[in-house]
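Here this note's numbering is used: the first residue of the sequence shown is 226, the next is one more, and so on. Beta carbons: idealized from backbone N, C-alpha and C, even for Gly.
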Amino acid sequence: MTPGINAPPMHSHWRSTTIPHIGNWRDDIIKKRKGEYKIDEEETTQLLDKKEMTDAIDSGKIKVELNPNKQNRHQLGHKLYEDYKKKNLQKGLPIPSYTELDNNELNSFIQQKTGSGRLIASDTGEWRNKEVIDFGKDIGKVNINGKFITTKWGIVHYSKTGTHVIPKKED
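Next comes the structure, spelled out in structure tokens:
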């Protein structure tokens with residue numbers, strides 16, 4: 226027994242009241258509710274990155290229009306794609322994935338779908354100017370272990386000169 230906490234601090238014949246010691250009740254409530262109202266860390270990162278993305282688009286820091294010079298490197302049948310493919314083969318790298326849609330159709334898809342996908346962030350949480358989007362229509366083929374598989378998914382790379390899409394394996 227500790228006088229003043231759970232025992233009267235006075236003589237036993239004197240009148241006194243005893244107040245129970247319950248600790249810091251606020252801390253107990255906070256501990257019990259910890260995590261109940263918290264947003265998942267990945268959701269928080271996505272929300273912050275989407276805000277950063279829309280701010281960059283509004284300010285003109287990045288353009289949403291397709292950049293044909295960058296996209297043609299991933300366009301089947303284009304000279305830039307054939308050069309890219311040839312370089313990869315010389316280096317012993319796999320044949321790159323490619324898009325099958327023409328640039329105008331791909332551009333209209335990008336205009337519609339921007340901001341609807343999952344943004345790619347670095348380990349520190351910074352947006353890497355990339356977004357994984359499900360286009361809802363076959364956009365090209367992705368090379369998986371030497372086999373080309375048709376895909377509706379793509380990684381959109383944003384920059385100040387425009388965007389380009391690289392087909393991606395489905396999530």
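Check your understanding: With a cut-off of 8 Å, do at least 3 Cβ pairs link the segment 370 to 378 to the segment 350 to 361?
Key -> yes
Review point. Can you tell me the Cα-Cα spacing of glutamine 337 and glycine 365, whole angstroms?
Key: Translated into positions along the sequence shown, residue 337 becomes position 112. Translated into positions along the sequence shown, residue 365 becomes position 140. Distance between the alpha carbons of glutamine 337 and glycine 365 is about 18 Å.
Point to revise | Sequence-distant residues of its chain with Cβ nearer than 7 Å to lysine 393 (five each side left out) | key: Position 168 of the sequence shown holds residue 393. Here the set comprises Val357, Val367, Thr376, Trp378, Gly379, Ile380.
Review point. Along the chain, where does the beta strand (DSSP E) that runs through phenylalanine 373 open and close?
Key: As a position in the sequence shown, residue 373 is number 148, starting the count at 1. Taken as a continuous stretch (DSSP letters only), the beta strand (DSSP E) holding phenylalanine 373 covers 372 to 376.
Practice item. Give the DSSP-derived three-state secondary structure of isoleucine 324 in the structure shown. Key: Here residue 324 refers to the residue found at position 99 of the sequence shown. The sequence shown places threonine at residue 324, not isoleucine. Strand at threonine 324.
Point to revise | Bounding residues of the alpha helix (DSSP H) (the contiguous stretch that carries aspartate 196) | key: This structure gives no information on residue 196, because the portion of the chain shown stretches from 226 to 396.
Review point. Between which two residues does the alpha helix (DSSP H) carrying asparagine 313 extend?
Key: Within the sequence shown, the letter at position 88 stands for residue 313. Taken as a continuous stretch (DSSP letters only), the alpha helix (DSSP H) holding asparagine 313 covers 304 to 316.
**Study point:** Local conformation of threonine 349 per DSSP, three classes
**Key:** Within the sequence shown, residue 349 is the residue found at index 124, counting from 1. In the structure shown, threonine 349 sits in coil (DSSP, three-state: anything other than H, G, I, E or B).
Check your understanding: Starting from lysine 295 and walking both ways along the alpha helix (DSSP H), at which residues does that stretch end?
Key -> Mapped onto the sequence shown, residue 295 falls at position 70. Where lysine 295 is concerned, the enclosing alpha helix (DSSP H) stretches over 293 to 296.
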